[in-house]
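Asker: Right, I'll just put the structure down here and ask away after.
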Amino acid sequence: MTDTRGPQTRQQAAEAGPAAQPAAAPVAEGAQPQQQTPPPAEAPQTPLPLPGERKPEQPAGPYRPPQAYPSPAPADAVRRPRTGARTTPRTRKARLRVARTDPWSVMKVSFLLSLALGICTVVAAALLWMVLDAMGVFSTVGGTVSEATGSNESNGFDLQAFLSLPHVLIFTSVIAVIDVILLTALATLGSFIYNLSAGFVGGIEVTLAEDE
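Take a look at the structure:
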């Protein structure tokens, strides 16, 4: 807004400004001046204790530094096993089933086993003949047979010549060869029969266990 008063009017208004302010209200007689209450003092903040320091409210005691790892349990708290009881290791067992046998492998194994059995038979026959010859069995039995079968014109049957060592070894070798052939053929045939029967009944079950 624009003041339209003249310069004299503005000067008079300025002089009358301080006088126009209302005087302060007088203080009543007999009334005591009010005392201003000071603000309550703030309680000093106690700094937080460090990890290894003792709190003020805690009783005095020896200083214990902080531990990085927990202390081990006392020896009395450790549970010790009873000395009277013996723990036996548990034996693991596996139950398996022979579902099929390979005829070719059965034939090879049976051939080697029967061949070893034939060789043992020949060696055993030779050793037995030597023992009987050393005991004089062939001469005694041969003389008895010759007397029983002999006559005035002939001496009879010569048992010692028939049971000589070469004859015994040849006969035993022939028996061993026949055994090798028969055992090999029977084992191979048995493998085929087992495979056929295992398809119906499931085969032979075998339980295997570890050594103690």
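When we follow this note's numbering, the leftmost residue of the sequence shown carries the number 396, and every step to the right adds one.
Note that CB positions come from ideal geometry on N, CA and C, so glycine has one too.
#1: Measuring straight from C-alpha to C-alpha, what distance separates E600 and I565?
#2: To the nearest whole angstrom, what separates the beta carbons of D574 and S505, a pair I think is in contact under 8 Å?
#3: On the three-state DSSP scale, how would you describe G558?
#4: Would you call the region 492 to 499 and the region 574 to 591 touching, i.e. three or more CB-CB distances under 8 Å?
#5: Would DSSP call T496 helix, strand or coil?
#6: Going straight from the alpha carbon of V501 to that of S586, what length do you get?
#7: The alpha helix (DSSP H) with E600 in it runs from where to where?
#8: Could you check if A543 is buried or exposed, using at least 16 other CB atoms within 10 Å of its CB as the buried criterion?
#9: Name the DSSP beta bridge partners of A489, please?
#10: Roughly how many angstroms lie between the CA atoms of A520 and A571, to the nearest whole one?
#11: Flag this pair as yes or no: are the beta carbons of G531 and L554 separated by less than 7 Å?
#12: Below 8 Å CB to CB, which residues in the same chain sit around T579 once its five sequence neighbours on both sides are set aside?
#13: How many angstroms separate the CA atom of S568 from the CA atom of M525?
#14: Is the beta carbon of T583 less than 7 Å from the beta carbon of K488?
#15: In angstroms with no decimal places, state the Cα-to-Cα distance between T516 and F557.
#16: I need the straight-line Cα distance from S534 to D528, nearest angstrom please.
#17: Distance, Cα to Cα, V596 vs L512?
#18: Based on Cα-Cα distance, which residue from L523, G594, L577 lies nearest to S559?
Answerer: In this structure, then:
#1: 44 Å
#2: With a Cβ gap of about 11 Å, D574 and S505 do not count as contacting.
#3: Looking at the sequence shown, residue 558 is not Gly but Leu. L558 falls in the coil class under three-state DSSP.
#4: yes
#5: coil
#6: 7 Å
#7: Unbroken run through E600 is the beta strand (DSSP E), 599 to 604; no alpha helix (DSSP H).
#8: exposed
#9: L603
#10: 11 Å
#11: no
#12: M502, S505, F506, S509
#13: 17 Å
#14: no
#15: 20 Å
#16: 8 Å
#17: 33 Å
#18: L523
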